Amino acid sequence: MARIGIYGGAFNPPHLGHLRAAEAAREALALDKVLLVPTGESPHKPLPEGSPSGPDRLDLLRLAVGDLPGLEVSDMELRRSGPSYSYETVEALRAEHPDDELYFLMGTDMLLSFRTWREPERILKCAALAVVPRGQKGEKEAIAREKAVLGSMGARVTVIDAPVTAISSTDLRRMLVFRCAGEFLPRDVEAEIEKRGLYGAGRSYRDLPMAELEPVALGLLNPNRVRHVLGCRDTAAGLARRWGADETDAARAGLLHDVTKALDGPLQLTLCRAYGVDLDAFSAQNPKTLHALTGSLVAERIFGEDPAVVSAIRSHTTGKPNMNLLEKILYVADYMEPNRDFPGVERLRELAWSDLDGALTLGLEMTLDVLREQGREISPESQEALRYLLAHKE
Ligand code: FE
Ligand code: FE
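Residue numbers (numbering that gives the first Met the number 0): 0 to 393.
Set out below in structure tokens:
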């Protein structure tokens, strides 16, 4: 009697996190093999626009698995037409392996939604469930609750306790555009992605006209940030008109200013490492503030933006002493674009159109007040920016 793991997923693209999860499950459950089964059409969520075809994902997964012992790729779902329902896959494998023990492997999100799937009981009749956590906050508690509910339905659920590479496919696709996904991909897979030009890798993003830049830039954001970025773009362009700066530069800076904001602290640091950037002490300790630096690097190296745009993005969170007009405009636009709502924003909006330095000063003061209130560390650049403004006030 063999023990077989079934690991389904979009594998869009396959990465080291998948391989480590499969290997962790194989060890923890003493599996003879893990079958990796890429989905054709996912009934849960459609693949993001521009995703590679099933055969491309299958090829990448085969490359990723290579000759790793105990891992095998199956194209059974891709060969079926229509949506890939897991119960069909598991029942087909049960029929093929009547006497073996089957474990259906899944991530936490999948476990939490399992009961809403098509025919979950039919899966439970054929296989035990094994969940590989991603190491997120509150995850253990959520898994324990769901495990109890599923247990009452007769499910056997094992939680695999292994440190797993915490990267999502969404972040990985972002890192591919930023050209710093190397840490998370088997080398062959990375090379093949570039060779085939999948996920926008290998494409040039330099000097795109605004109409082409916009979907690319917005596609890299968390969806809940899109409105803010569009608001910032329009406000920056409006302020540029008011104060006599280059409107196009202002709009491009607004559109790109948060382009790396979706990356968490560790991914910010990965990007800096990949770009060969040494960090000052403050940034290394506060990686969340790094999106201004990493955004400026991406604007320069990936999008080929002008130095004026790059430096405005660089200083948009902390400010700096002696800012130029475009830098001031982006800082202020980011602070008071129409979607912002906090006490004092109306005053800031008034000043933005009548006294730009006054708006900048107020913005910096409010930021420092909030940081002090929250007992957080203050960037030396912000302090110097404010000191400079106060010393040079007419
Ligand atoms: Fe920002
Ligand atoms: Fe912003």
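Every residue gets a Cβ at the ideal spot worked out from N, C-alpha and C, and that includes glycine. The model shown is predicted, which means the values in this text are computed figures rather than measured ones.
Same chain only: Cβ atoms within 7 Å of residue i, ignoring 5 sequence neighbours per side
| i | result |
| --- | --- |
| R435 | Outside the displayed span of the chain (0 to 393) sits residue 435, for which this structure offers no information. |
| G292 | Note that residue 292 corresponds to Leu in the displayed sequence, not to Gly. Correct list, in chain order: S282, R313. |
| S381 | T317, G318, L363, T366, L367 |
| E40 | G81, P82, S83 |
| P320 | E383, A384, Y387 |
| G343 | M365 |
| E246 | A236, A239, R240 |
Status (buried if at least 16 other CB within 10 Å, exposed otherwise) for residue i
| i | result |
| --- | --- |
| R313 | buried |
| H391 | exposed |
| K44 | exposed |
| V148 | exposed |
| Q267 | buried |
| M0 | exposed |
| P12 | buried |
| L389 | exposed |
| P265 | exposed |
| A180 | buried |
| S295 | buried |
| T394 | No answer is possible for residue 394: it lies beyond the span of the chain, which begins at 0 and ends at 393. |
| G275 | exposed |
| E140 | exposed |
| P286 | buried |
| A143 | exposed |
| M152 | exposed |
| A280 | exposed |
| F113 | buried |
| G53 | buried |
| S310 | buried |
| S473 | This structure does not reach residue 473, given that the chain is present from 0 up to 393, and the question cannot be answered. |
| R205 | exposed |
| E48 | exposed |
Sequence-distant residues of its chain with Cβ nearer than 6 Å to residue i (five each side left out)
| i | result |
| --- | --- |
| L70 | A21, V33, V64 |
| G201 | E193 |
| A27 | I159 |
| G4 | A24, L30, V33, Y102, L104 |
| R348 | M335 |
| S440 | Residue 440 falls outside the range modelled here, since the chain spans only 0 to 393, and no answer is possible. |
| K136 | none |
| N221 | A261 |
| Q304 | Just to set this straight, residue 304 is Glu in the shown sequence, not Gln. Excluding sequence neighbours, E304 sits near A298. |
C-beta contact flag for residue i and residue j at 8 Å
| i | j | result |
| --- | --- | --- |
| V176 | G199 | yes |
| H256 | D354 | no |
| L325 | A244 | yes |
| H290 | K327 | no |
| A126 | V89 | yes |
| I166 | G7 | no |
| A154 | L128 | yes |
| L60 | L92 | no |
| E95 | R2 | no |
| C231 | E383 | no |
| E182 | T269 | yes |
| E145 | L184 | no |
| R375 | L361 | no |
| L370 | A358 | no |
| A23 | V131 | yes |
| C271 | L278 | yes |
| L197 | P379 | no |
| N338 | R226 | yes |
Sequence-distant residues of the same chain with beta carbon closer than 8 Å to residue i, five excluded per side
| i | result |
| --- | --- |
| D356 | K327, L388, K392 |
| L57 | P37, V72, D74, L77 |
| V308 | D248, R251, A252, L255, A298, L325 |
| L207 | V215, F302 |
| W352 | L238, R241 |
| Q373 | none |
| L46 | A9, N11 |
| Q284 | E376 |
Any C-beta of chain B under 8 Å from that of residue i
| i | result |
| --- | --- |
| Q284 | The question asks about chain B, but that chain is absent: this structure has only one protein chain. |
Any non-hydrogen atom of ligand 3 closer than 7 Å to residue i Cβ
| i | result |
| --- | --- |
| C125 | With respect to small molecules bound, the structure shown includes ligand 1 and ligand 2 and not ligand 3. |
Touch test, the stretch 175-189 against the stretch 154-162, Cβ-Cβ under 8 Å, three pairs minimum: no
Taking contact to mean at least 3 C-beta pairs separated by less than 8 Å, is the stretch 102-118 in contact with the stretch 60-70? no
The stretch 216-224 / the stretch 239-258 touching (three or more Cβ pairs under 8 Å): yes
In chain order, what are the residues with a CB under 7 Å from some non-hydrogen atom of ligand 1? H256, D257, K260, H290, A291, H315, T316, D333
Can you find at least 3 beta carbon pairs, one from the stretch 115-130 and one from the stretch 85-95, that sit closer than 8 Å? yes
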